[in-house]
Amino acid sequence: MKLEDRIKLLIQLMKSRGIQFEKGLANEELITVEANFDITFPPDFQTLLCLELPVSKGFVNWRKALSSKEYEDEVFDKLNRPLEGMLFDIENNAFWDENWGEKPEIFEQQKEIATQNFKKYPKLIPIYSNRYIPSKPHETGNPILSVHQMDIIYYGFDLATYFRNEFHLRLPDNFEIPQNPKYIEFWSEHTS
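Numbering (this note's numbering), first residue to last: 569 to 760.
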């Protein structure tokens, strides 16, 4: 089944569960969103957003973020939440990635090291609530992560299994389902 057909079927199944959609993002809107927020949507999520834009409560309304400063700030807040959660766990829960070297005693130094490393990792793009899709690799089939501070779990091995799990969808038998999540630099190492 082609990607666009898979996404259309997912949209149809989500609508049957009460998820509301609007007209998909136009190419100009997509380009503006990616530039404004310094993100690149993976192909499957991009296809979904361009076919139809989910707008039910909890979803990021990317179009609204283009026209409302208040909502734009909310999206930036969601994009920054993984870093803020990581810094919280560094300061309060002894989190430290061994690849960063020895942990300094002073939190400001810890924060600087963690923030510099964080910028190297695939950016997490919010989908719904605290569920994120990694921006890299830029290919179809990235896992969806539930992120609360450094409590990170796989909520789906790809977009289809994520929506199945989140909204209790019944996927057709001929839907290709990954048996394992794709490896995502840093984030996969910290999933439980």
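A virtual CB, placed ideally from N, CA and C, is assigned to each residue, including glycine.
Item	Value
Return the chain-ordered list of same chain residues with a C-beta closer than 8 Å to the C-beta of residue 628, the five sequence neighbours on each side being excluded.	643, 646, 694, 695, 696
For residue 691, which three-state DSSP category applies?	coil
I need the straight-line Cα distance from residue 674 to residue 574, nearest angstrom please.	50 Å
Please look up how many angstroms separate the CB atoms of residue 713 and residue 755, rounded, as I've assumed it's under 8 Å.	6 Å
Write down the C-beta distance between residue 670 and residue 623 rounded to the nearest angstrom, noting that I regard them as a contact closer than 8 Å.	Their Cβ separation, rounded to whole angstroms, is 47 Å, which puts residue 670 and residue 623 out of contact at 8 Å.
Looking at C-beta atoms only, is the number of pairs between the segment 685 to 693 and the segment 647 to 664 that lie closer than 8 Å three or more?	yes
Compute the Euclidean distance between the alpha carbons of residue 614 and residue 753, then round it to the nearest angstrom.	21 Å
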